[in-house]
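Here's the structure we're looking at; comments come further down.
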Ligand code: SF4
Ligand code: SF4
Ligand code: SF4
C-alpha cells in the first residue's frame with residue numbers, strides 16, 4: 015500500500031463503556047497521542063449504523079488504519095470485518111471496565127488504563143501494513159494419498175466426492191492394507207453383536223470405479239518438495255520408473271506394522287506353533303472359511319483357546335510397547351466369536367487386565383461376547399509354557415492367586431507399531447544431546463537411516479513429519495488431530511494414534527477434509543489452522559540477516575529452507591504465521607506486515623509511564639492469543655477483578671516474543687512483566703506445537719538481561735496458561751502487583 | 030461330579046447355568062465390584078457376590094457350594110439395583126444356596142439354613158406359623174441350658190405379647206391352623222412336584 019497512512023479511531027459508548035469512562039477524553043487521547051486523523055464516538059458501534067459510519071470514513075475519507083475502542087478483539091468480529099484496512103482493537107470492555115470496580119476512587123486509574131489502550135492500539139496501527147500476497151500461491155486441487163489401506167481409500171473416496179482428484183500411492187501390490195488380512199471386522203453398526211463383513215472389497219470396488227482416483231501400486235513417494243498448493247511428488251514403482259506429479263495437499267495414511275511377537279519369548283512365541291498372534295489367527299480363520307478353526311501344529315480342531323491381552327504392550331519393559339493399541343480387546347472378542355459362532359462348546363477365555371473397547375458399540379460388543387459364552391478373566395499372564403498343549407500361567411486379579419490353564423491354542427494380542435517414517439533432524443538432535451552436557455538446540459546432525467522414510471520430504475528439517483511419544487506422528491489429540499507439523503500434510507489412522515479400521519476410516523474423512531481446505535487456503539495465500547484465513551506472512555530483510563539459521567531451526571513447521579548461501583527461503587503456504595522465527599531472530603530482521611518487533615514494541619512504548627514516586631506501577635502482560643487472552647476475556651466476563659496497573663498485549667505465540675520487547679519494557683520503566691503462553695512439553699497445548707516450548711528455552715536468557723540492568727529476577731515471570739485458567743490469570747496479575755509493592759518500583763522511569 | 034471339574038474350564042459354569050435359578054447370568058458379570066461394595070453385610074461374607082461369580086468361572090465348585098457366603102444374603106436388593114450389568118444377584122445367591130442344599134453341600138449348622146428349615150417345617154404342619162414353638166425352637170437351638178437362658182432373657186417380651194393377646198401359651202399344645210390343613214399340604218406337594226420338574230429342566 016503506497017497510500018498515505020490514515021488512522022480512524024472509533025470509540026464505542028455501549029455496553030457501559032460510556033458510563034464508566036470519559037469518552038471525550040479517550041477521543042482526545044486518540045487524536046493527540048495516537049495521531050488519529052479522524053475520531054468518532056458512537057453509542058453502539060457494532061450495530062448497523064456504527065459499522066456504516068466506519069465504512070463511510072474508509073470509503074470517503076481514506077481511512078486505512080481502523081482503531082476500534084470497544085470490546086475485546088475476540089468479540090464482534092463479523093461486524094468489524096472491513097476490507098483493505100488494518101484493524102486494531104483497544105479492549106475497553108473486557109480489558110478495562112469489566113475487570114475494575116465501578117467506584118469513584120478507582121475512576122482515575124480505570125480511565126488511565128483505557129487511555130493507554132487507545133494509545134497502544136494507535137501505535138500498533140501506525141506500524142502495521144496491509145498484508146499483501148506473496149505471489150507464491152496457486153490452487154492445485156489434486157490430493158496425494160500415501161497408503162492404500164481402508165484409511166487411504168476412504169480419504170480418496172471422500173475427497174473425490176467433493177470434487178478433488180486423488181492419487182493413492184500404495185507400496186504393496188494390492189489395496190486394503192492391514193484390514194484386507196482380516197476374516198471379519200469389529201462391528202460398526204447397531205446392535206454391535208456380531209463380527210461384520212470385511213469392508214475392503216467394497217472399498218476397492220468403489221475406488222476402482224472412480225475416475226477421479228488414480229492408484230499407484232507397488233509404488234512409493236521417493237521425493238516430495240514444495241509446499242501446500244505446489245507439492246511436487248516423485249512416485250516411483252518398484253522397478254524404478256518414476257513420474258513427478260503436482261499436488262495441493264497430502265494425506266498420510268500409512269498405517270501400522272504388527273508388533274514383532276518374536277520379542278516375547280516368555281510367551282513361547284516361535285517355540286510353540288500353537289501360540290499365534292491375532293494377525294495369524296485371522297489367517298487361520300480365513301483358512302477355516304466358516305468351518306472349525308484348526309491349530310497350526312497338528313491341524314487339530316481347536317476346542318479351547320486363551321487370548322492373552324496386552325502381550326508386550328502397556329509395559330515399560332525394554333522392547334515392549336508403552337502404549338495401548340486400542341483395538342486388540344475388541345479384536346479378541348471378535349476372534350473368540352469366530353470360535354463360539356461356529357461351535358458354542360469351544361472354550362474361549364480372554365485374559366485381560368483392563369478391558370478396553372472404545373467406540374460407540376464397544377460395550378455392547380463386550381456384552382455380546384459374554385452372552386455367547388466367552389469367558390473374561392481379569393488377570394496378568396506371566397508365562398506361556400511350551401508343551402503338547404501350551405499352558406498359560408497367570409495371576410487371577412479378582413481371586414488374587416496364581417493359576418494356570420492348558421489350551422489348544424494361545425492367541426497373543428500384540429498391538430501396533432505406527433508406520434510413521436524417520437525421525438526428524440530436531441528429534442535426533444534432542445536424542446543425541448539428551449545426556450551430552452554441551453546440549454545445544456539446533457546442532458546439525460546427519461540423519462541416520464535405520465528406518466525407511468515414508469514421505470521422503472525434501473525439507474531441511476527431515477524426511478517425515480515429526481513424531482511424539484511412542485513413535486506416532488505428532489498431532490494434537492483433542493484440538494487439532496489431523497494437523498501435523500508440516501502444513502498441508504495430514505495424518506490419518508494408526509500412523510497418528512492407535513485405532514481400529516472403523517476409526518481409521520472416520521479419521522481419514524477428517525484428514526481428507528483438512529487436506530481439501532488447505533489446498534484451497536494455499537491457493538488464496540491464507541494461513542491454515544490456527545490462524546486460518548490470515549493473509550500476513552513473514553518476510554526478512556536480507557541485508558541484516560547474519561545467516562545464523564535460528565529461524566530455520568526453530569520454525570515448528572519446517573516452513574523455511576535455506577539457499578546456497580545459508581539465507582532463509584520462506585515457503586509461504588507451509589507457514590502457520592506463529593512468529594516463532596521472528597522471536598528467534600537475534601538481529602530482528604523478520605516481520606509480518608501486521609505483526610512485527612515494532613507493532614508490539616511501539617505499543618509498550620506508547621504506555622504512559624508515571625514516575626517512580628507516583629505509586630502507580632505498570633505491569634506488562636504479553637498474552638498468547640490462543641488460550642491466555644481468551645482466559646483473560648473470560649475472567650472479565652466473570653467480573654473477576656485485576657490490578658489497574660496491568661497493560662495487556664495479545665501475541666501470536668509465546669514463541670514470537672522478541673527479547674527486545676523485554677529489554678525495551680524494562681528500559682521504559684515497566685515494573686513487572688508477565689508472559690503467558692500455552693503449556694509445552696509432551697502434553698503440550700501450544701497451538702503452534704513447539705512455539706511455547708522454544709520460548710521457555712529462550713527465556714533462560716532473560717535472567718542475564720535483568721542482572722545486567724541490576725533488576726530483581728521476580729520482575730519477569732513466565733506462566734503456562736490453559737484456556738480454563740480463568741481464575742488463575744487475575745491472580746497471577748494481582749500477585750505481580752503485590753510483588754512489586756514488596757520489591758519496590760523500577761528505577762528506570764523517566 | 031466334582032472330580033470332573035477342571036479349574037478355569039467352563040464345566041462348573043455350565044453346571045450352574047443348568048441347575049441354579051438365574052444361573053445363566055453368571056457369565057455376564059463384568060467384575061466391577063459394585064455389588065461387593067453395595068452389600069451391607071459384605072464384610073461378613075467370605076466371598077462377596079463378585080468373587081463368587083469369578084470363582085464359578087474359575088471352576089471352584091467345592092469352594093462355592095460349601096461356602097457360607099450366599100447364605101448371608103438378606104435380600105435387601107441393594108446389589109440388584111446397582112449392578113450395571115443388571116444381574117439378578119440376590120436371586121442367584123438364593124439359587125446357589127438352594128442348589129448347595131439340594132446337593133447336601135451346604136455348610137452344616139449354618140444358622141440361616143437351619144432357621145429356614147425350622148420355619149418351613151413349623152409352618153407346613155398347620156398352615157400357620159406357631160410363633161411360640163418357633164421362638165422356643167430358636168431359643169433351644171443350642172441345647173437345654175442355653176435355651177433356658179435365652180428364654181429368660183426374652184421373658185418380659187413374651188409376657189407382654191401374651192397380655193396383648195399376641196401369643197397364647199395354649200399354642201404349645203397343638204395351636205391354631207388353617208381350615209383343612211390336609212388340602213394345603215396337597216397344594217404344597219403339587220407345588221413341590223412342579224418345582225422339582227422345573228429344577229430337573231434347568232438348562233435343558
Ligand atoms: S516460525 Fe512460524 S511464522 Fe515463522 S516461518 Fe515458521 S510457521 Fe511461519
Ligand atoms: S455389580 Fe454386577 S457386574 Fe459388577 S461385579 Fe457385581 S455382579 Fe458383576
Ligand atoms: S441382596 Fe443379598 S447379596 Fe445383594 S446386597 Fe443384599 S444382602 Fe448382599
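Protein chains in written order, with our numbering: chain A, 15 to 764; chain B, 30 to 233.
Quick reminder that beta carbons are idealized off the backbone N, C-alpha and C, glycines included.
Using three-state DSSP, classify residue i as helix, strand or coil.
| i | result |
| --- | --- |
| residue 457 of chain A | For residue 457 of chain A, the pLDDT reaches just 45, beneath the cut-off of 50, and the residue's location in the model is therefore unreliable, leaving the point undetermined. |
| residue 531 of chain A | helix |
| residue 259 of chain A | strand |
| residue 547 of chain A | coil |
| residue 106 of chain B | coil |
| residue 138 of chain A | helix |
| residue 497 of chain A | strand |
| residue 407 of chain A | strand |
| residue 83 of chain B | helix |
| residue 210 of chain A | strand |
| residue 10 of chain A | Residue numbering for chain A in the displayed model covers 15 to 764; residue 10 of chain A lies beyond these limits and cannot be assessed. |
| residue 205 of chain B | coil |
| residue 233 of chain A | strand |
| residue 168 of chain B | helix |
| residue 452 of chain A | Low confidence applies to residue 452 of chain A: its pLDDT is 40, below 50, so where it sits in the model is not reliable, and the reading given next is rough at best. Three-state DSSP puts residue 452 of chain A in coil, outside helix and strand. |
| residue 40 of chain A | helix |
Return the chain-ordered list of same chain residues with a C-beta closer than 6 angstroms to the C-beta of residue i, the five sequence neighbours on each side being excluded.
| i | result |
| --- | --- |
| residue 743 of chain A | 645, 646 and 649 |
| residue 703 of chain A | 499 and 570 |
| residue 585 of chain A | 241 and 573 |
| residue 141 of chain A | 612, 613 and 616 |
| residue 713 of chain A | 732 |
| residue 438 of chain A | 475, 476 and 480 |
| residue 427 of chain A | 292, 323, 325, 342 and 346 |
If you draw a straight line from the C-alpha of residue i to the C-alpha of residue j, how long is it?
| i | j | result |
| --- | --- | --- |
| residue 174 of chain B | residue 168 of chain B | 10 angstroms |
| residue 72 of chain A | residue 78 of chain A | 6 angstroms |
| residue 755 of chain A | residue 119 of chain A | 19 angstroms |
| residue 696 of chain A | residue 731 of chain A | 22 angstroms |
| residue 82 of chain B | residue 394 of chain A | 19 angstroms |
| residue 113 of chain A | residue 659 of chain A | 11 angstroms |
| residue 91 of chain B | residue 369 of chain A | 29 angstroms |
| residue 302 of chain A | residue 295 of chain A | 10 angstroms |
| residue 581 of chain A | residue 232 of chain A | 39 angstroms |
| residue 49 of chain A | residue 19 of chain A | 11 angstroms |
| residue 488 of chain A | residue 479 of chain A | 8 angstroms |
| residue 1 of chain A | residue 47 of chain A | Beyond the ends of chain A as shown, which are 15 and 764, falls residue 1 of chain A; an answer cannot be given. |
| residue 457 of chain A | residue 174 of chain A | Confidence at residue 457 of chain A is low in this model, with a pLDDT of 45, below 50, so its placement is unreliable and no value can be given for it. |
| residue 237 of chain A | residue 496 of chain A | 22 angstroms |
| residue 282 of chain A | residue 423 of chain A | 12 angstroms |
| residue 31 of chain A | residue 619 of chain A | 25 angstroms |
| residue 507 of chain A | residue 526 of chain A | 12 angstroms |
For residue i, which residues in the same chain have their Cβ closer than 7 angstroms to its Cβ, ignoring the five residues on either side in sequence?
| i | result |
| --- | --- |
| residue 699 of chain A | 641, 692, 693 and 736 |
| residue 449 of chain A | Unreliable positioning characterises residue 449 of chain A in this predicted model, as indicated by a pLDDT of 45, which lies under 50. The coordinate reading is nonetheless provided below. Excluding positions up to five away in sequence, the list is empty. |
| residue 75 of chain B | 96, 97 and 98 |
| residue 300 of chain B | With chain B represented from 30 up to 233, any question about residue 300 of chain B goes unanswered, as that position is not in the structure. |
| residue 380 of chain A | 347, 369 and 371 |
| residue 583 of chain A | 574, 575, 576 and 577 |
Between which two residues does the beta strand (DSSP E) holding residue i run?
| i | result |
| --- | --- |
| residue 584 of chain A | 582 to 584 |
| residue 272 of chain A | 270 to 272 |
| residue 392 of chain A | 389 to 399 |
Can you list, in chain order, the residues of its chain with a C-beta nearer than 8 angstroms to that of residue i? Leave out the 5 residues immediately preceding and following it.
| i | result |
| --- | --- |
| residue 217 of chain B | 153 |
| residue 161 of chain B | 196, 197, 198, 200, 201 and 204 |
| residue 501 of chain A | 241, 242, 532, 542, 571, 573, 587, 588, 589 and 590 |
| residue 36 of chain B | 87, 88 and 89 |
Counting pairs of Cβ atoms below 8 angstroms between the region 21 to 35 of chain A and the region 102 to 111 of chain A, do you hit three or more?
They touch, by the three-pair rule.
Hey, is the region 41 to 50 of chain B in contact with the region 118 to 131 of chain B, meaning 3+ C-beta pairs nearer than 8 angstroms?
The region 41 to 50 of chain B vs the region 118 to 131 of chain B: in contact.
Contact the region 406 to 415 of chain A vs the region 373 to 390 of chain A: 3+ CB pairs below 8 angstroms:
With contact defined as three or more Cβ pairs closer than 8 angstroms, the region 406 to 415 of chain A and the region 373 to 390 of chain A are not in contact.
Assess contact between the region 246 to 254 of chain A and the region 138 to 152 of chain A, defined as three or more Cβ pairs (one per stretch) separated by less than 8 angstroms. Is contact present?
No contact exists between the region 246 to 254 of chain A and the region 138 to 152 of chain A.
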